[in-house]
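Working notes, beginning with the structure itself.
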Amino acid sequence: MAPGSRRGGARLLPLLLPLLLLPAAGGGCAAEGGPLEPFDALYASGVEAYYGGDFAGAARCLERALRSRRELRAARLRCRRLCRAQVRLEEPGPGTAGDLRFFGSVLRRAECVRRCEEPRLGAVSRHRAAEEVRADFQRRVPYSYLQRAYIQLNKLEEAANAAHTFFMANPEHMEIQQDLENYKSTSGKATLIDQEARQHMEDYSAGVRHYDREEYELAIELLERALQGYYSEDEDCQLMCEGPQRFEEHEHLDYKAGLYEAIADHYMQVLACKHDCVRELATRSGRISPIENFLPLHYDYLQFAYYRVGDYVKALECAKSYLLFHPDDEDVLENAGYYEGLLEGTVDPATIKPRKEARALLRRHKLESHLLRVAAAGLGFTYTEPNYWNRYGARQDEHSVPSSISSEPEDGPRLSLTKKPMPKPDRELKEGGPLLYSDVKFVYNSQQLNGTQRVLLDNVISEEQCRELHRVASGIMLAGDGYRGKTSPHTPNERFEGATVLKALKYGYEGRVPLKSARLFYDISEKARRIVQSYFQLNSTLYFSYTHLVCRTALSGQQERRNDLSHPIHADNCLLDPEANECWKEPPAYTFRDYSALLYMNADFEGGEFIFTEMDAKTVTASIKPKCGRMISFSSGGENPHGVKAVTKGQRCAVALWFTLDPLYRELERIQADEVIAMLDQEHLGPSEMNINPKDEL
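Written out as structure tokens, the structure reads:
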């Protein structure tokens, strides 16, 4: 229900200036050969060609930029790995010249790396891209350009794969989401390729899918491969951290620290980078937040999968590996004891140890943490240890958590069906409070709507108020208002028009619409806020975050064979990631939103049903047909993904409301509207004919 796409093509334009100031790659992409061409220069040439209408040149340069960046990383990894093996760092010896052995080996390793890199990379300074460019590649922005270039070249399969690759790191980008649906319907191709996929994450996700389907042998194969990939990527991540670092607390050119202070400062930044590889390897592209408990979860899934295929030795091995990270996990402790009982008389359980790679990683991780804490305490190095192994990132399979084993099995062990503990919400979730107004009719609660924190109400406003509000809408709404000027922000097949409360009051005060009619918009939104706060039994004040009167109109001649949504599936305070079955509560999502509501004004249109789905954005859990006075309200998080089906005929109008419990995020226009109302009351212009004060409380 967000009021518009947060990232459109226009967002890319501010990036052009730093790109176009880069040295040109030569003739719009020089011929390959010689040292590796810097990826930032190739990127600049690709963007310049794109905006110059040379789409073939743009595609060629952008593809080369992406390839150059991959080759740069591969070359650095190869050389650092080679020189680590060829030049071992020596221990300092005794005496005043004892340090020479150690520093001599450091100098030889540095020489080895440079000698290895220069034939392929050229001068090191050629490959130091600006922060803005590195951020673009991290967000996969080049693939957005590539998609558009390939469309112009009529290479739809390449365009679809580029769009998919961009979308995997930008799941909130609604325009790309719609493009993908169009590609799938045009080409009939259901499977698209993520060209920047991290294989260990792909294997993990596939393994979990097989696990959920109780295909345990396939789950084991993929989860074991994911672990191998994880540890290989961890080694690469460690090596990549040995590159240049930024001296965040010092201006590098004026850096006057002594020898050991300078070494310590640089090494602590390298060490912090290495220590954070745990988070890096658990974070999907484009996201800030990692998958919680990512590495331990591999062992948690595997211990039960091995049990189900009858390999109790591996089951115990994986359970003990998991317990390295969470030694007090009661469920897995109980599982381990059960597996030991199954092995009694055949194998000595004491000989089955946790996996050595897990032991080695955790041992190194603890030592890194210790050194970073020492530096923070003794050297003034700023560091806060994150919680890398959050236990709340647990399996959510109800059918297969092997805990609380029955002592009286029938055909084998009987397993508890209880879930592992989930993080407690920041507030107690309640519902069923009074509706405050005697004419408001309760329809369905959360259980009846197959979800959490949901309610459907009727008669929130009357037929006459719906008609009056629609007349106000006709007089004040502008195409694209509230959607950053975009007349079709979610689908090209509909026109979107909107208006805010403050705009309605301004028009009323100026006499462009009846003032009492304008105030009706203000009053009914306040009535809705009171109902939501009361029904969900919130113990603190619910504030407006955004209020928007919006109409979406089906465009004639564009409804045949239409298969898109009027508003794609999303959540209101987090970035829905259906592939990962996650909702990332981070920017650019409106993370401060707590509750949402839609108050409908009419039913004389076709399509436009409001739908809730599962986190996969596909499985519909509830569908609601709008009509005058009907209101759907729900909590704004990932527990309530939702969207709107295509409006195929007529116009669908509603008052969209988002609320927050944090007064810091109160809607500014609402505060200004309150001041206007206070001024009007002082002038005795009076309220609208509806009274927002609940006289007849239920």
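Numbering (mature numbering (1 follows the signal peptide of the UniProt record, and there is no 0)) for the sequence shown: -30 to -1, 1 to 668. Ideal placement from N, C-alpha and C gives every residue a C-beta, glycine not left out.
**OP:** Please state if the CB of R34 and the CB of L12 are separated by a distance shorter than 7 Å.
**Re:** Here residue 12 corresponds to residue number 42 of the sequence shown, with the count starting at 1. Here residue 34 corresponds to residue number 64 of the sequence shown, with the count starting at 1. Taking 7 Å as the Cβ cut-off, L12 and R34 qualify as a contacting pair.
Subject >> Residue span of the alpha helix (DSSP H) that contains I647, given as start and end >> reply: What you label residue 647 is simply residue 677 of the sequence shown in a count that begins at 1. Its alpha helix (DSSP H) spans residues 638 to 652.
Original post:
According to DSSP, which residues form a beta bridge with M585?
Top reply: As a first step, residue 585 is located in the sequence shown; it is residue number 615 there, counting from the start. The partner list for M585 (beta bridge, DSSP) is empty, contrary to what the question assumes.
Subject >> Pairwise C-alpha distance: I594 and V617 >> reply: Within the sequence shown, the letter at position 647 stands for residue 617. Within the sequence shown, the letter at position 624 stands for residue 594. Going from the Cα of V617 to the Cα of I594 covers about 14 Å.
**OP:** Taking E556 as part of the beta strand (DSSP E), name the residues at either end of that continuous run.
**Re:** Against the sequence shown, residue 556 aligns to sequence position 586. Taken as a continuous stretch (DSSP letters only), E556 belongs to no beta strand (DSSP E), as it is neither H nor E.
**OP:** Might you give, ordered along the chain, the residues of its own chain that have their beta carbon closer than 8 Å to the beta carbon of R39, omitting 5 neighbours on each side?
**Re:** Position 69 of the sequence shown, counted from the first residue, corresponds to residue 39. The residues are F9, F107.
Subject >> G23 burial status per 10 Å Cβ neighbour count (16 or more: buried) >> reply: Position 53 of the sequence shown, counting from 1, holds the residue named residue 23. Exposed, by the Cβ-count rule.
Original post:
With burial defined as no fewer than 16 other Cβ atoms inside 10 Å of the residue's Cβ, what is the status of K497: buried or exposed?
Top reply: Mapped onto the sequence shown, residue 497 falls at position 527. It counts as buried.
Subject >> Contacting residues, own chain, Cβ-Cβ under 7 Å from L650 (five flanking each side not counted) >> reply: Walking along the sequence shown from the start, residue 650 turns up at place 680. Excluding residues within five positions, none has a Cβ falling inside 7 Å.
Original post:
If you run the structure through DSSP and keep just helix, strand and coil, what is Q507?
Top reply: As a working note, residue 507 is residue 537 in the sequence shown. Coil.
Subject >> V317 in three-state terms, based on DSSP >> reply: Here the question's residue 317 lines up with position 347 in the sequence shown. Reduced to three states, the DSSP call for V317 is coil.
Original post:
Quick one: what's got a C-beta closer than 6 Å to A592's C-beta in the same chain, skipping five residues either side?
Top reply: Here residue 592 refers to the residue found at position 622 when the sequence shown is read from its first residue. Hits under 6 Å: L419, N420, F582.
Original post:
Between S416 and the rest of its own chain, which residues show a CB-CB distance below 8 Å, the 5 nearest in sequence each way excluded?
Top reply: One-based indexing of the sequence shown puts residue 416 at position 446. E401, T422, Q423, R424, V425, listed in sequence order.
Original post:
The beta strand (DSSP E) with P538 in it runs from where to where?
Top reply: Translated into positions along the sequence shown, residue 538 becomes position 568. Segment 535 to 540, the beta strand (DSSP E) holding P538.
Original post:
Is the Cβ-Cβ distance between V520 and A626 less than 7 Å?
Top reply: Sequence index remark: in the sequence shown, residue 520 carries index 550 (1-based). Sequence index remark: in the sequence shown, residue 626 carries index 656 (1-based). A contact, by the Cβ cut-off of 7 Å.
Original post:
What are the partner residues of E576, as DSSP defines its beta bridges?
Top reply: On the sequence shown, residue 576 is found 606 positions in, with the first residue counted as 1. Answer by DSSP bridge pairing, in chain order: K619.
**OP:** Would you check if the region 113 to 120 and the region 62 to 77 touch, i.e. whether three or more CB-CB distances between them fall below 8 Å?
**Re:** no
Subject >> Test: D106 CB closer than 7 Å to a CB of chain B >> reply: The displayed structure is made up of one protein chain only, and chain B is not part of it.
Subject >> Best match in S536, W554, P462 for proximity to Q528 [C-alpha to C-alpha] >> reply: Position 558 of the sequence shown, counted from the first residue, corresponds to residue 528. The residue with the shortest Cα to Cα distance from Q528 is P462.
Original post:
Does the region 282 to 291 come close enough to the region 310 to 318 that 3 or more CB-CB pairs lie under 8 Å?
Top reply: yes
Original post:
Which of the three DSSP states, helix, strand or coil, is assigned to Y115?
Top reply: Within the sequence shown, residue 115 is the residue found at index 145, counting from 1. Residue state, collapsed to three classes: helix.
Original post:
Which one of A346, E7, S566 has the shortest CA to CA distance from P89?
Top reply: Here residue 89 corresponds to residue number 119 of the sequence shown, with the count starting at 1. The shortest C-alpha separation from P89 is found at E7.
Original post:
What's the call for residue 669, buried or exposed, on a 16-neighbour Cβ count within 10 Å?
Top reply: With the chain covering only -30 through 668, there is no way to say anything about residue 669.
Original post:
Should I322 go down as buried or exposed, given a rule of 16 or more other Cβ atoms within 10 Å for buried?
Top reply: Reading the sequence shown from its first residue, position 352 is the one you call residue 322. Buried, because 16 or more other Cβ atoms sit within 10 Å of the Cβ of I322.
Original post:
Y516 by DSSP, collapsed to three states: which one?
Top reply: The residue given as residue 516 occupies position 546 in the sequence shown. Correct three-state label for Y516: strand.
**OP:** Within the region 270 to 313, note down every full beta strand (DSSP E) run reaching 3 residues or more, in order along the chain.
**Re:** none
**OP:** Could you give the DSSP three-state label for V94: helix, strand or coil?
**Re:** Stepping through the sequence shown from its first residue, residue 94 is reached at position 124. Of the three classes helix, strand and coil, the one that applies to V94 here is helix, per DSSP.
**OP:** May I ask you to report which of helix, strand or coil DSSP gives I602?
**Re:** Taking the sequence shown and counting its residues from 1, the one referred to as residue 602 is at position 632. Three-state DSSP puts I602 in a strand.
Original post:
Three or more beta-carbon pairs under 8 Å between the region 537 to 553 and the region 607 to 614, yes or no?
Top reply: yes
Original post:
Do R522 and F562 have their C-beta atoms closer together than 7 Å?
Top reply: To locate residue 522, count along the sequence shown from 1; it is residue 552. To locate residue 562, count along the sequence shown from 1; it is residue 592. Going by C-beta atoms, R522 is not nearer than 7 Å to F562.
Original post:
Are A19 and A28 close, meaning C-beta to C-beta below 7 Å?
Top reply: Walking along the sequence shown from the start, residue 19 turns up at place 49. Walking along the sequence shown from the start, residue 28 turns up at place 58. Cβ distance < 7 Å, so A19 and A28 count as in contact.
Original post:
For the candidate residues E304, Y276, L265, whose alpha-carbon lies nearest to that of Y358?
Top reply: Start at 1 with the first residue of the sequence shown, and residue 358 comes out as number 388. Closest option to Y358, Cα to Cα, is L265.
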